[in-house]
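Have a look at the structure below, then the notes.
Residue numbers (our numbering), protein chains in the order written: chain C, 1 to 338; chain W, 1 to 338.
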């Protein structure tokens, strides 16, 4: 393999932007193997309010890749995942140049607010942008998916779907279901901790797959729930989407709770939100919960009801902050010659 | 059918005593049909601290059966279940005499503290005591089981098991596994509400069986968990019993959470207890949770660690009262001529 004297990666300043997404039909479980393929399909909405901004600079003076996240240098497993993605960009361009990655989230990192989704979507967009061609979104989604499967969906704004993988498959990208302007859905996010979660998603889903008697049932129900969510998005049917989303989220957490030892991501404030949203529904408010692998609760609702949901969740003990989000746009990248 | 002029039921004042039990391997799910047969085996410990006292008086001047529970007259479905049990006693004795039942619990009623278990165990003991023969415990357990399956276990002190029913079966009694003096286990009960639960156990388990994708998985895992719990009781192995009990309880609640619509008995205070008990274990305290179809948490622990568990649970927000219980005795009955 020949190394170009001047790699196309260098001498460019790249900025990429990607929004977190929440799965309305949850991703939980991987196929066996090295390809990071999901065992179930997932359907998501991209969140305007949760933004990751990532700067990427390939710098010949560096002796290793460097990652700065929310102002702190990061080493270890998180850096290793970034290095693997950068290796793909180097393989595409034939460069061996190391890079500095500087990433910032507009929201708490690593606690179930999908920072790895927006983070790796932004990084994939940036890495492909550095390769000097117009960025192909499907390629970016596939690249992001290998780092973090939920990141595949954050490449797309609006509503997106990532299908389940098939054994032996090597390429799998998410695909857009509808753009952000298709439906003015609102997502109210109750932030219930500032702490990183105890058990990461990958470890949690692998433990669940190995030890939960409900895992096969989960995989079987997930396809139907994803199709229901997709259909509800096409029809803009909030109740149908809400019921599918709540069922998906609670079934995912239930599957994890039945693992040995049990995996309980839900915290007291999480359940306070779940029960409050049910009470709101009993009062005629169209609002349904979803919960990722952390204590936060995201409530899907209408523009009309969002204010009431914000007020009610904000009044609950243990809820630290409440954010209302619109549906977010596509990830994007800016390339300027340094 | 001839009616004796003086029925053996009359002119007796009966007092029966039964203690609530908690299932360490949970009962959740019924076989189809009218016989109230459980779909899974369950294993329990009887709780000295939770006592139901029931007085029964067959009175020729009454024109219907009457039930007074914790000082209030009760009508409707609760009375109907009592009447059905009294009908069995009348069928056995050939009497048509109505009865007054006066029952009192030493703990909150109808909120997942197993008041129906101790209540129907006491009533079955009383009803058989009224028939004028020495009470056969297996007969009382079978009679109690038809009213409330968990009540079958409260006829016995110590540790008891109720097997799963078989289609077409008519008689099924619990059986004792070990007497109260076999093992000085302690159960710390965190009372997290004074309100009756929203969805009763029978309705909840039938809804779960009909709509939860995890119900088959639950039925399959329940037998192994019951055998593990039984074995751990025989060996007095607290860790093995604790892990089986926590797994059983969380799997039961998980199965209900995956129902459509979801059934979430857990409340914020419930999860506060679950996480606190996990933290106690990380600090070397031998303590494990179990949770029935309500928000309360029962922690099984040793005499040595019980005080620390009581203190820690009592300090949590939402925990209204904490009770420490020893293993309780057999149900009993006193018969005096009126």
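Ideal Cβ positions, reconstructed from N, Cα and C, are used throughout, including at glycine.
Do residue i and residue j have their C-beta atoms closer together than 8 angstroms?
| i | j | result |
| --- | --- | --- |
| residue 8(C) | residue 25(C) | no |
| residue 127(C) | residue 85(C) | yes |
| residue 242(W) | residue 183(W) | no |
| residue 59(W) | residue 99(W) | yes |
| residue 55(C) | residue 186(C) | no |
| residue 244(W) | residue 229(W) | yes |
| residue 301(W) | residue 192(W) | no |
| residue 249(W) | residue 189(W) | no |
| residue 177(W) | residue 233(W) | yes |
| residue 215(C) | residue 222(C) | no |
| residue 36(W) | residue 149(W) | yes |
| residue 62(W) | residue 79(W) | no |
| residue 151(W) | residue 117(W) | yes |
| residue 143(W) | residue 203(W) | no |
| residue 260(C) | residue 48(C) | no |
| residue 266(W) | residue 295(W) | yes |
| residue 92(C) | residue 131(C) | yes |
| residue 23(W) | residue 219(W) | no |
| residue 217(W) | residue 119(C) | no |
| residue 268(C) | residue 268(W) | yes |
Can you name the residues that DSSP bridges to residue i?
| i | result |
| --- | --- |
| residue 150(C) | Residue 150(C) is not bridged to any residue. |
| residue 301(C) | 186(C), 287(C) |
| residue 58(C) | 10(C), 99(C) |
| residue 365(W) | Residue 365(W) is absent from the model: chain W starts at 1 and stops at 338. |
| residue 66(W) | 100(W) |
| residue 25(C) | 43(C) |
| residue 38(C) | 30(C) |
| residue 51(C) | 19(C) |
Hey, quick one: how far does the beta strand (DSSP E) through residue i stretch, first residue to last?
| i | result |
| --- | --- |
| residue 288(W) | 287-290 |
| residue 248(C) | Not the beta strand (DSSP E): residue 248(C) falls in the alpha helix (DSSP H), residues 238-257. |
| residue 102(W) | 99-105 |
| residue 162(W) | 159-162 |
| residue 311(W) | Element bounds for residue 311(W): not the beta strand (DSSP E) but the alpha helix (DSSP H), 306-314. |
| residue 317(W) | First-last for residue 317(W): undefined, no H or E at that position. |
| residue 321(C) | 321-325 |
| residue 176(W) | 175-178 |
Assuming residue i contacts residue j under a Cβ cut-off of 8 angstroms, what Cβ separation, rounded to an integer in Å, is found between them?
| i | j | result |
| --- | --- | --- |
| residue 45(W) | residue 159(W) | 5 angstroms |
| residue 310(W) | residue 273(W) | Wrong, their Cβ atoms sit about 12 angstroms apart, outside the cutoff. |
| residue 29(C) | residue 205(C) | 5 angstroms |
| residue 146(C) | residue 173(C) | About 10 angstroms separates the two Cβ atoms, so there is no contact after all. |
| residue 129(W) | residue 293(W) | With 8 angstroms as the limit, residue 129(W) and residue 293(W) do not qualify as a contact, their Cβ atoms being about 30 angstroms apart. |
Mind checking which residues open and close the alpha helix (DSSP H) that includes residue i?
| i | result |
| --- | --- |
| residue 83(W) | 76-93 |
| residue 220(C) | 215-235 |
| residue 206(W) | 201-211 |
| residue 121(W) | 115-130 |
| residue 194(W) | No alpha helix (DSSP H) contains residue 194(W), which DSSP labels as neither H nor E. |
| residue 282(W) | 268-282 |
Measure the C-alpha to C-alpha separation of residue i and residue j and round it to an integer number of angstroms.
| i | j | result |
| --- | --- | --- |
| residue 32(C) | residue 237(C) | 35 angstroms |
| residue 283(C) | residue 72(W) | 31 angstroms |
| residue 65(C) | residue 90(C) | 12 angstroms |
| residue 263(C) | residue 246(W) | 11 angstroms |
| residue 12(C) | residue 337(C) | 4 angstroms |
| residue 258(C) | residue 254(W) | 6 angstroms |
| residue 83(W) | residue 175(W) | 25 angstroms |
| residue 224(W) | residue 138(C) | 47 angstroms |
| residue 211(C) | residue 124(W) | 41 angstroms |
| residue 240(C) | residue 312(W) | 42 angstroms |
| residue 280(W) | residue 226(W) | 25 angstroms |
| residue 102(W) | residue 57(W) | 9 angstroms |
| residue 339(W) | residue 115(C) | No statement about residue 339(W) is possible, as the shown extent of chain W runs from 1 to 338 and does not include it. |
| residue 342(C) | residue 165(C) | Nothing in the structure corresponds to residue 342(C), since chain C is present only between 1 and 338. |
| residue 314(W) | residue 195(W) | 19 angstroms |
| residue 201(C) | residue 170(W) | 48 angstroms |
| residue 10(W) | residue 74(W) | 23 angstroms |
| residue 168(C) | residue 231(W) | 44 angstroms |
| residue 96(C) | residue 134(C) | 21 angstroms |
| residue 154(C) | residue 251(W) | 33 angstroms |
| residue 308(W) | residue 298(W) | 14 angstroms |
| residue 181(C) | residue 235(C) | 14 angstroms |
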